[in-house]
Ligand SMILES: *Cc1c(COP(=O)(O)O)cnc(C)c1O
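In our numbering, the protein residues as written are -5 to 453.
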């Protein structure tokens, strides 16, 4: 059999055996799948030897590119010690070292006095980190004797993952329509989506009407609300919706005022994506619980953490028979290889000065977004650091959206892919999420291809 036959065989075998996530398999079966064999820096190669720029960082996880020497070495070194041992009743060296580093890191930049995040609970993906946060917040109030605090306040357009608890605290209609009867009830607050304000207001004349709305709900129902959960600064999967300045800080104040916990889901925004290590730093906010995953291992291994304050942790302490234990944990919790990869990433952040080097890249992106915003079918452009969304519209003046089934976003993505840039849209929002380490030249090249794709599809 020749290479071509091998490749055809792989394509057929994929279609025969694999059910892909978030994919209409009927469409998948009628197309030729791209099968990746190799990666190098910000590029990925398919079985035919074609290279693509990894414009979505392998779904927002890869921050230093592929085959990064330091991470490869750290994993190999750990592999020669042990691949996995359980955290249920045992501990392991990389998990301990990483917990210490993370606690120092999340509290490093805060200037106002606050209760720091001091405890690390490990799991293995973003949804699970949120699931842990939700259960932790719920059980915390039970231990505090606040039996009525059984619900959560969440935002429209929020995305916190795909498990049932994470979907329950999300605000994406599509999922709620599909799985509604399985989900627990929550209180909802408006999305800080200024381009399409639910309250019909206009920024900044509104003086954050969405915050006032959130306060109304908290004022009436705070004795039923265990926590407010939020994606700080950017509602990512909801369409790269960037909250107006000051919004996050106000949410923090409301949580303190109404005695409810703040859960910050930094799964997408954490680890440099917004230009600071964590999005909360932009508004000097410390949540009571923080969820991290995606970038944590540089896109190498599934790992997540849920960080909590000493106050929350302490509420779970008691005699064995009191049943105050946090009853949650997974088989691969605190996996040593994943933790070793994460430690290597934190080293890279330090010695490559990743955050400092992001500044010129963000400037290139923002200048390009400004150009693009003039296009007739670009309704809105928004970004925070190196995460951006371009909302394509049928009619700019009326802000009329393209019909969902027109798949305009997908057409742009396909055009870009044919020209060597792999991106994945969110409906009609084109997502720009390259690895943080992308060179200025590659970033400019990527943006040129996407610009061409937008022009060609929308004109
Ligand atoms: C991706 C994402 C999740 C879910 O993470 P998974 O690892 O895909 O389960 C949760 N919250 C946010 C904000 C995300 O972007």
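Where is the CB? At the ideal position from N, CA and C, for every residue including glycine.
Whole-angstrom C-beta distance between residue j and residue i, which should lie under 8 Å
{"i": "residue 205", "j": "residue 252", "result": "Contact doesn't hold; Cβ gap of about 13 Å is too wide."}
{"i": "residue 117", "j": "residue 348", "result": "The Cβ separation is near 25 Å, so there is no contact."}
{"i": "residue 451", "j": "residue 391", "result": "Not a contact, Cβ separation roughly 20 Å."}
{"i": "residue 386", "j": "residue 424", "result": "7 Å"}
{"i": "residue 81", "j": "residue 323", "result": "7 Å"}
{"i": "residue 64", "j": "residue 341", "result": "6 Å"}
{"i": "residue 209", "j": "residue 248", "result": "6 Å"}
{"i": "residue 283", "j": "residue 302", "result": "5 Å"}
{"i": "residue 380", "j": "residue 336", "result": "20 Å between Cβ atoms; not a contact."}
beta-carbon residue i near ligand 1 non-hydrogen atom, thresh 7 Å
{"i": "residue 288", "result": "yes"}
{"i": "residue 225", "result": "yes"}
{"i": "residue 154", "result": "yes"}
{"i": "residue 124", "result": "yes"}
{"i": "residue 151", "result": "no"}
{"i": "residue 119", "result": "yes"}
{"i": "residue 262", "result": "yes"}
{"i": "residue 231", "result": "yes"}
{"i": "residue 400", "result": "no"}
{"i": "residue 259", "result": "yes"}
Coil, strand or helix - residue i by DSSP
{"i": "residue 291", "result": "helix"}
{"i": "residue 385", "result": "strand"}
{"i": "residue 212", "result": "helix"}
{"i": "residue 112", "result": "strand"}
{"i": "residue 199", "result": "coil"}
{"i": "residue 441", "result": "helix"}
{"i": "residue 245", "result": "helix"}
{"i": "residue 20", "result": "helix"}
{"i": "residue 358", "result": "helix"}
{"i": "residue 1", "result": "helix"}
{"i": "residue 9", "result": "helix"}
{"i": "residue 376", "result": "strand"}
{"i": "residue 190", "result": "helix"}
{"i": "residue 370", "result": "coil"}
{"i": "residue 182", "result": "strand"}
{"i": "residue 25", "result": "coil"}
{"i": "residue 452", "result": "helix"}
{"i": "residue 308", "result": "helix"}
{"i": "residue 205", "result": "helix"}
{"i": "residue 255", "result": "strand"}
Environment of residue i [buried if 16+ CB atoms lie within 10 Å]
{"i": "residue 327", "result": "buried"}
{"i": "residue 271", "result": "buried"}
{"i": "residue 398", "result": "exposed"}
{"i": "residue 11", "result": "exposed"}
{"i": "residue 42", "result": "exposed"}
{"i": "residue 259", "result": "buried"}
{"i": "residue 330", "result": "buried"}
{"i": "residue 263", "result": "buried"}
{"i": "residue 7", "result": "exposed"}
{"i": "residue 393", "result": "exposed"}
{"i": "residue 90", "result": "exposed"}
{"i": "residue 245", "result": "buried"}
{"i": "residue 16", "result": "exposed"}
{"i": "residue 255", "result": "buried"}
{"i": "residue 281", "result": "buried"}
{"i": "residue 149", "result": "buried"}
{"i": "residue 109", "result": "exposed"}
{"i": "residue 193", "result": "exposed"}
{"i": "residue 20", "result": "exposed"}
{"i": "residue 162", "result": "buried"}
{"i": "residue 72", "result": "buried"}
*Inside the region 310 to 354 only - alpha helix (DSSP H) runs reaching at least 4 residues*: Fully enclosed alpha helix (DSSP H) runs of no fewer than 4 residues occupy 330 to 345 of the region 310 to 354, in order along the chain.
*Which full runs of the alpha helix (DSSP H) of 4+ residues lie inside the region 392 to 436, going along the chain?*
Restricting attention to alpha helix (DSSP H) runs no shorter than 4 residues, the region 392 to 436 encloses them at 402 to 412, ordered along the chain.
*Starting from the N-terminal side, write out each stretch of the beta strand (DSSP E) that is 3 residues or longer and does not extend beyond the region 259 to 292.*
Counting only runs of 3 or more, we get 283 to 286.
*Note down, one range per segment and in chain order, each alpha helix (DSSP H) of at least 4 residues found wholly within the region 91 to 178.*
For the region 91 to 178, whole alpha helix (DSSP H) runs of length 4 or above, ordered along the chain, are 120 to 137, 158 to 162, 167 to 173.
*Which parts of the region 46 to 74 are runs of the alpha helix (DSSP H), unbroken and 4 residues or longer, counting only runs that do not cross its ends?*
51 to 54, 63 to 73, all fully within the region 46 to 74.
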